[in-house]
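Position 22 of the sequence shown, counted from 1, bears residue number 22 in the UniProt record's numbering, the numbering being contiguous throughout. One structure below.
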Amino acid sequence: MRVDVERHHQVSTLTADGVLDSSTYRSLRDTVIKAALDEPRAVIVDVNRLSVPSDSAWSVFTSARWHVSIWPDVPILLVSGDVKRRRTIASCGITRYVPVHPTRESALQAVANTPLALRRRARIDLPATRFGVRLARAVIADWLTRWDQQHLIPAAGTVATVFIENVLAHTCSAPVLVVENYQDEITIAVEDCNPRPATLREDADRGADILSGLAIVSALCRSWGSAPTLSGKTVWALVGPENRL
Numbered sequence: 001m002r003v004d005v006e007r008h009h010q011v012s013t014l015t016a017d018g019v020l021d022s023s024t025y026r027s028l029r030d031t032v033i034k035a036a037l038d039e040p041r042a043v044i045v046d047v048n049r050l051s052v053p054s055d056s057a058w059s060v061f062t063s064a065r066w067h068v069s070i071w072p073d074v075p076i077l078l079v080s081g082d083v084k085r086r087r088t089i090a091s092c093g094i095t096r097y098v099p100v101h102p103t104r105e106s107a108l109q110a111v112a113n114t115p116l117a118l119r120r121r122a123r124i125d126l127p128a129t130r131f132g133v134r135l136a137r138a139v140i141a142d143w144l145t146r147w148d149q150q151h152l153i154p155a156a157g158t159v160a161t162v163f164i165e166n167v168l169a170h171t172c173s174a175p176v177l178v179v180e181n182y183q184d185e186i187t188i189a190v191e192d193c194n195p196r197p198a199t200l201r202e203d204a205d206r207g208a209d210i211l212s213g214l215a216i217v218s219a220l221c222r223s224w225g226s227a228p229t230l231s232g233k234t235v236w237a238l239v240g241p242e243n244r245l
């Protein structure tokens, strides 16, 4: 499968060409997720050239939308000029979460009619060393001070520390830190090159005697998650005023 990506006027347009089946499902899903994590105003997927032997494979788009539904909550829209195909997509329940439009123009118009959220975002590539943790905490303090969100610096710094230490401990990646401010909440996201999703686990032998880093994150934030990408994954957490330390 080939997916061409274009970005114009804050909208990412993906053109999928090939066969959508069990062998290409994951790569297409992760390509759509990656496009959304780059935080355009919307992701539009042109499926006119896509061959889909099994109708159930259309669920790839609801799966992608589910992964980004909380953060960054970027809408995903489909484009198909074939009336029969649009009906098939609708009959599979896809349009409950991912609308389908007959043309790119109509999809772009739908995006234009949606209010644009004001977000502030910063990003930094970190070294794969302990210095990366100190650097992350320093830039978070700087960015949140500039954004007048100083009260969330301790919680955001703690979440970032856990995420980055997990990258250093469990992958061979140099972490990438993304921090975003939207309304009263801060998003802390860390990218790495390991596709294994971050999961909260308990130690069967030590039980409650040890508290994992992700358990701390879970207690410190509104929500958190792990989104797959073509190059690995992004682990993120939303921190609000109620999470101040």
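Yeah, the Cβ is synthetic: ideal placement off N, Cα and C, and Gly gets one too.
According to DSSP, residue pairing for asparagine 181 in a beta bridge involves Arg120 and Ile186.
Excluding residues up to 5 positions away in sequence, Val178, Thr234 and Trp236 lie with their Cβ nearer than 6 Å to the Cβ of alanine 189 in the same chain.
Fewer than three Cβ pairs drawn from the segment 100-119 and the segment 139-153 lie within less than 8 Å of each other, which leaves the two stretches out of contact. The C-beta of phenylalanine 131 has fewer than 16 other C-beta atoms within 10 Å across all chains shown, which makes the residue exposed.
Pairing arginine 244 with arginine 65, the inter-Cα distance amounts to about 30 Å. The shortest CA-to-CA distance from valine 32 to any of Asp46, Ser23, Val19 and Ser22 is the one to Asp46.
With 16 or more other CB atoms across the displayed protein chains lying within 10 angstroms of its CB, serine 12 is buried. Secondary structure of valine 52 (DSSP, three-state): coil. When DSSP states are grouped into helix, strand and coil, alanine 227 belongs to the strand group.
When DSSP states are grouped into helix, strand and coil, alanine 64 belongs to the helix group.
Pairing valine 3 with leucine 28 gives a Cβ-Cβ distance under 8 Å.
Inclusion of leucine 238 and threonine 187 in the CB contact set at 8 Å is warranted, their separation being smaller than that value.
The segment 106-156 contains, as complete beta strand (DSSP E) runs of 3+ residues, the segments 119-125 (chain order).
The beta carbons of asparagine 48 and valine 79 sit about 7 Å from each other, so the pair counts as a contact at 8 Å. Taking the Cα positions, leucine 230 is about 32 Å away from glutamine 149. Cβ-Cβ distances below 6 Å link leucine 50 to Ala16 and Leu20 in the same chain, with the five nearest sequence neighbours on each side left out; the list follows chain order. Beyond the five residues adjoining it in sequence on each side, arginine 86 comes within less than 6 Å, by CB distance, of Ser80 and Val100 in the same chain, given in chain order.
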